[in-house]
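For the protein sequence lines, the chains are A and B, in the order given. Under this note's numbering, the first residue of the first sequence carries the number 37, and numbering increases by one thereafter. Under this note's numbering, the first residue of the second sequence carries the number 64, and numbering increases by one thereafter. To start, the structure itself, in structure tokens.
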Amino acid sequence: MKAMNPIASAASTTQPLVEVCRLRRDFGNIQAVKDLSFTIERGQVVGFIGANGAGKTTTMRMMATLDVPTSGTIRIGGYDVLNHPTQVRRLIGWMPDAYGTYDHMTVIEYLDFYARAFGFRREERIRRVNEVMEFANLTELTDRAINKLSKGMAQRLCLGRTLLHDPELLILDEPAAGLDPRARIEFKHLVRLLAAEGKTLFISSHILSELGEMCDTLLFIDGGQVVHHGSSDSLLRERREDASAALLEIRLAGGEEEREKLAQWAPMQPGVSVAEATKQGVRLRLEPDTPEAQAALLRRMIQEGFGVAEYRREERKLEDAFVEILGKAETKTA
Amino acid sequence: MNDFADWLSPILVKELRQGLRTKAFVGIFVLLQILMVISTMIELANDRSNGSQVFFWMVIGVALLLGMPLRGAFSISNEIKENTLELVLLTELSARRVALGKWVALFLQSVLLVCTVLPYLVIRYFMGGVDFIQGVVALAVFLWFSALLTALSVGLSPFAKNAISRGAVGIFAVMAIWFLLLSSLSLGRLPFGSFFSAAHVIILAALTPLFLLGALEIGLGEIAPMGENQSTRKRLILLGNLAVGGVLALVFEENAYVAWILAGCVAMVGIGTLVEPCRPIPSLYRPVWPFRRSSRLWRAAGRILYPGWVSAVPFLLVSAAAVLAISPYRFTDSEQNLRLILAIGMALQPLVICKLMSSHRPTLPVYMAIQIALFVMSIVLAGAFDRSTNLSLAGLLPTTGFFLSLWRSNLLTDSSGINVLAGVALLFTLLGYVSLSIREWVTMAEMERRIAEENPAIQNATDSGEAA
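Here it is, written out as structure tokens:
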């Protein structure tokens, strides 16, 4: 889509687009967000992860000028959200977890209303609505009543609404929640397109594997504080208790006897230990975690006459890392 | 997409597209037509009986004075419930434009309803011999009342977020029905010419726009993003209304009439300001900043325009004094002075009670709940005091005293002590307010200092103004 937003950032393009500094938000005696600091560079796709009640939505609402911090600052495009909310709103597109659509309206009427509300007039309004409809794959739904849309369609409509004024930063709160697999794939595709256009995206979600694929960096928060900020790869490497070892899933063609034989043979090999016995084989821990070591072990197993039906290095899941982070944070608090 | 012109407010376009399809509007529209046909047939069959006239106007009244205001009462609260309002407020539309757009859309729908009633008036004129002009004037009066009530209900709509506040809106609806019954019965029996003089019509016409704007502003603070000042304009509109009212009272010599209307405006806007939160956010204080350029007196006066319940109390006192200055009594009538003291005490008591009990400012539903509890208690006490010789004690609970002052015109003669006790009660209420608000005033001063530091140009202008 063609960039149209006339509002330029106050900050230079080398500065981070989002700067959150020592942010705190209290609700009575409860500290929803405490001392939260992070930055987001232009063009990045950032996943915002945390358990329920971790302070994700509160933080996003403050970034979207819908809530005010108890203390601390948020600057978006160089503008302070408290002092310059109007300028900030022109730079951001906010999509809450509840999509916020109107009954008794068609898809085109909905987008036309928001295009008018964003100040587009005449041909520009029509052109903008058409561009967004095309981008979000809504053209066939033009005259469909909003209350007749599926959840996936409604989500695309709301993403389209968020894009109408061509914002620099998109803040998406749980955008994939409740979507079926097909709608999720479509959504991932749209995110990739937006990232390719150079948009900065800040996405919260519970579906961590998808965030890992979509995002350049992940921001984990717990108890209102950042517990990890980095790429998913670095997270997986850093958070492993035994980061230097690989876990190998081995399935054997033979029966119980062959499995026991392997369980006895493996510990005698250099750098190999048995992690656990599985139904059809064993899970081995191999050190060092290098392709050469993995290939050498496989070769030795075949030479030894084991009927290896499957030999696979287990990828560590983001979910595991997330649970581990939360566990560590809880231990620290205790 | 081109069915509505670009210059029309987006929210108006949306409301018209959406509103004309809602079950509520279609229901009101169809029901009105059916009942109009029935009432016209009854009237023609009964040959202009008084009862059928009442029924005819009652039907119109239900649609315009109850149906449309009720739709207004839930217009913004439904958007809050559906999570759509925040998205609208992140566009170029302000909370004010949203409220105004919603009111205009509802008003246009009311106009549409009125237009559909006109043919029945023509039939009644040709076949029933009913005065057509009188009917048109009556419709105009209904439309005008409907516009005012709808503006008030749209203004109150942001507060109708939960069961309590919806209950409060229900009470409002009951009051509207009460008003409707009275007005319908009156309209059925009396010629309209005797209701208003030409001067009254001019005064009402002149005060209506500011009343409408003031009514729509009441609940904006509840829906706008927290960093936006929605209070100063509301207060300035009320001050504007007081100024226009003062001029009208002088020109037409209708002081009592104007004073009563303005007292209603002060109550409406004043209560709305008393339940505003005090938030230490610089952007809330900036709109009042032009006063920094003026003299020390103006700077002090400007503080009553700051948002929040703390500045609302002196603002309310100033506004009440202005109404009293416009009224024909002008501080000379002891009975009226007593009522004013009691009315101010009534307005402030729920605020102080709530602050003492929970340290939080009351929301409008809580304020109204406390006020209703005080009303109920006061009616019981007033009944008891009415039979008692020691009436002066009624002054301690301003609401009780106020009721008694309405029931008994010779309250002061019966018990001169009530004036003193009402004064003492008000004094204690004000002392309670002062003790509770000191911290907030200090925060406000801190806020002023921070903004001045951020804006050296303004500070320099202020300093040079003072030096001059």
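Just so it is clear, CB atoms sit at the ideal spot from N, CA and C, and this is done for glycine as well. As the structure is a computational prediction, the values presented were derived from the model and not from experiment.
Test: residue i CB closer than 8 Å to a CB of chain A
i	result
residue 172/B	no
residue 77/B	yes
residue 169/B	no
residue 350/B	no
residue 346/B	yes
residue 69/B	yes
residue 225/B	no
residue 150/B	yes
residue 250/B	Confidence at residue 250/B is low in this model, with a pLDDT of 49, below 50, so its placement is unreliable and no value can be given for it.
residue 509/B	no
Chain B contact for residue i (CB, 8 Å cutoff)
i	result
residue 264/A	no
residue 237/A	no
residue 101/A	yes
residue 115/A	no
residue 217/A	no
residue 228/A	no
residue 134/A	yes
residue 318/A	no
residue 119/A	yes
residue 347/A	no
Residue i, enclosing alpha helix (DSSP H) - first and last residue
i	result
residue 373/B	372-389
residue 390/A	Nothing in the structure corresponds to residue 390/A, since chain A is present only between 37 and 370.
residue 148/A	143-153
residue 177/B	158-186
residue 168/A	158-171
residue 421/B	397-421
residue 347/B	345-348
residue 245/A	244-250
residue 238/A	Unbroken run through residue 238/A is the beta strand (DSSP E), 236-240; no alpha helix (DSSP H).
Span of the beta strand (DSSP E), counted from its first residue to its last, around residue i
i	result
residue 57/A	54-63
residue 347/A	344-349
residue 282/A	282-288
residue 112/A	107-112
residue 320/A	317-322
residue 147/B	Here residue 147/B belongs to no beta strand (DSSP E), and DSSP marks it neither H nor E.
residue 265/A	261-266
residue 195/A	It is not in any beta strand (DSSP E) - residue 195/A instead sits in the alpha helix (DSSP H) that spans 187-199.
Same chain, Cβ closer than 6 Å to residue i, five either side skipped, listed in chain order
i	result
residue 171/B	none
residue 506/B	343
residue 83/A	239, 247, 251, 254
residue 256/B	Note that residue 256/B scores 42 on pLDDT, short of 50, meaning its location in the model is unreliable; the coordinates nonetheless yield the value given after this. Once the five neighbours on either side are set aside, residue 256/B has no close Cβ partner at all.
residue 216/B	132, 135, 136
residue 402/B	468
Beta-bridge partners of residue i, as assigned by DSSP
i	result
residue 430/B	DSSP, once it has assigned bridges, lists no residue as partnering residue 430/B.
residue 67/A	62/A
residue 218/B	BP columns for residue 218/B are empty, so no partner.
residue 76/A	54/A
residue 116/A	111/A
residue 129/A	206/A
residue 23/B	Outside the displayed span of chain B (64 to 531) sits residue 23/B, for which this structure offers no information.
residue 78/B	DSSP output for residue 78/B lists no bridge partner at all.
residue 312/A	319/A
residue 257/A	262/A
residue 319/B	Answer is none; residue 319/B lacks a bridge partner.
residue 485/B	In the DSSP output, where bridge partners are listed per residue, residue 485/B has none listed.
residue 181/A	142/A
residue 85/A	256/A
Own chain, CB closer than 7 Å to residue i, minus 5 neighbours either side, in chain order
i	result
residue 270/B	304, 307, 308, 324
residue 318/B	312, 389, 390, 391
Own chain partners of residue i with C-beta closer than 8 Å, once the 5 adjacent residues on each side are dropped
i	result
residue 340/A	301
residue 278/B	211, 214, 215, 217, 218, 331
residue 289/A	343, 344, 345
The ligand ZN heavy atom lying under 7 Å from the CB of residue i
i	result
residue 167/B	Absence of the ligand ZN from the depicted structure is noted, as is the absence of any ligand whatsoever, leaving it without description.
Per-residue contacts from residue i into chain E (C-beta, under 9 Å)
i	result
residue 163/B	Annotation note: the requested chain E is absent from the structure, which comprises protein chains A and B.
Task: Members of the stretch 191-213 of chain A near chain B, C-beta cut-off 8 Å - done: 197, 201
Task: Interface positions of the stretch 156-188 of chain A facing chain B (Cβ-Cβ less than 8 Å), listed along the chain - done: 157, 158, 161, 162, 165
- [ ] Could you run through the stretch 273-306 of chain B and flag, in chain order, every residue whose CB is less than 8 Å away from some CB of chain A?
- [x] 288, 289, 290, 291
- [ ] Scan the stretch 140-154 of chain A for residues whose Cβ lies nearer than 8 Å to a Cβ of chain B and list them as they occur along the chain.
- [x] 140, 141, 144, 145, 148, 149, 150, 152, 153, 154
Open item on the list: What are the residues in the stretch 296-325 of chain A lying within 8 Å of chain B by C-beta distance?
Closed with: none
Task: Under 7 Å (Cβ pairs) to chain A, residues found in the stretch 121-152 of chain B - done: 145, 146, 147, 149, 150, 151
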